[in-house]
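Q: Read the sequence shown against UniProt numbering and you will find it ends at 280, with the numbers running on by one and no gaps.
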Amino acid sequence: MASANQNKALTNTRFSDLEPRLAEPVLEALTNSGFEFCTPVQAATIPLLCSYKDVTVDAATGSGKTLAFVLPVVEIIRRSSSNPKPHKVMGIIISPTRELSSQIFHVAQPFISTLANVRPMLLVGGLEVKADIKKIEEEGANLLIGTPGRLYDIMERLDILDFRDLEILILDEADRLLGMGFEKQLNSIISRLPKLRRTGLFSATQTEAVEELSKAGLRNPVRVEVRAEAKQLSGSASGNSTSSKTPSGLHIEYLECEADKKSSQLVHLITKNKSKKIIV
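Okay, structure coming up:
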């Protein structure tokens, strides 16, 4: 008999228990990546999006929200088209920074790879937009992951992409997207997309601007809230909150050492914790 989860930051719900059931290739990719149990935001959000419901999700960084939208995006694309045309865009994930978009793209790769003939495209600043345009023209793009500025630029310059059958739009860290002045670009992007789509809006804080964006871009959304004590609440999309939410499972430590011993200490920490995820 499989053992129960002992990590308090997780629920006792396995990814294999979720309904609608995730595709076997996705479950296999989760197992290979070391994921068995869901975090609260994953357990609450994945079934909703996979059931074609719009959601507004209040969850802090570190709560596992990336998988909470990546997995439904992959599942919805899988169900909607087994062999999309090269320039038919099925899904869009927008986040506020190049670093965050790149991280989402990296996390999504093992799951996107379970989709046959689906071409993901990372669209962020730092490279010439002409290079992105050339790659899209030559290779196609069915799933766009990127920042609003670059996505807006691509849409303005390139008319080869077909958004008429877009299935799902994800706005990650919506409070930061609006706080960084991307409202004009977001509204322009959303105006080009079909209204009959699924939309997920993820935010650490509920501001008036986020609330207005949810009213404009979502249809009867379900509200999912992950509080500091790692509980979730689903219901109608009403009310707002301006306080940040910190996951109870987030634990921070630091180590003091002499400057010339930093490298050796780093090697020691990595070796000691080689079974865990590490960012250097």
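Glycine included, every Cβ here is placed at the ideal spot set by N, Cα and C.
In angstroms with no decimal places, state the Cα-to-Cα distance between leucine 49 and serine 263.
A: Their backbone Cα atoms lie some 44 Å apart in a straight line.
Q: Looking at the secondary structure, which residues open and close the alpha helix (DSSP H) in which threonine 271 lies?
A: First-last of the alpha helix (DSSP H) with threonine 271: 262-272.
Q: Drop a sphere of 10 angstroms on the beta-carbon of lysine 53, count the other beta-carbons inside from all chains shown, and report buried for 16 or more, exposed for fewer.
A: Result: buried.
Q: On the three-state DSSP scale, how would you describe phenylalanine 182?
A: It is coil, neither helix nor strand.
Q: Taking the DSSP output, what are the residues bridged to proline 120?
A: Beta-bridge pairing links proline 120 to Leu143.
Q: Alpha carbon to alpha carbon, how far is cysteine 38 from alanine 141?
A: Between cysteine 38 and alanine 141, the C-alpha separation is close to 30 Å.
Q: Report the option in Val74, Leu151 and Val55 whose CA atom is closest to the CA atom of asparagine 117.
A: Of the listed residues, the one whose Cα sits closest to asparagine 117 is Val74.
Q: I'd like to check one pair, glutamate 173 with serine 95: are the Cβ atoms closer than 8 Å?
A: Yes; because the gap between Cβ atoms is below 8 Å, this pair is in contact.
Q: Could you tell me which of Arg198, Thr205 and Thr207 sits nearest to valine 222, measuring between CA atoms?
A: Valine 222 has its Cα closest to that of Arg198, out of Arg198, Thr205 and Thr207.
Q: Measuring straight from C-alpha to C-alpha, what distance separates valine 55 and alanine 259?
A: Going from the Cα of valine 55 to the Cα of alanine 259 covers about 48 Å.
Q: Taking the straight line between their C-alpha atoms, what separation do you get for valine 124 and asparagine 273?
A: Taking the straight line from one Cα to the other gives about 32 Å.
Q: Apart from the five residues on each side of it in sequence, which residues of its chain come closer than 7 Å, Cβ to Cβ, to serine 236?
A: Annotation note: pLDDT 43 at serine 236 (below 50); position unreliable, coordinate value reported separately. Only Arg223 meet the Cβ criterion.
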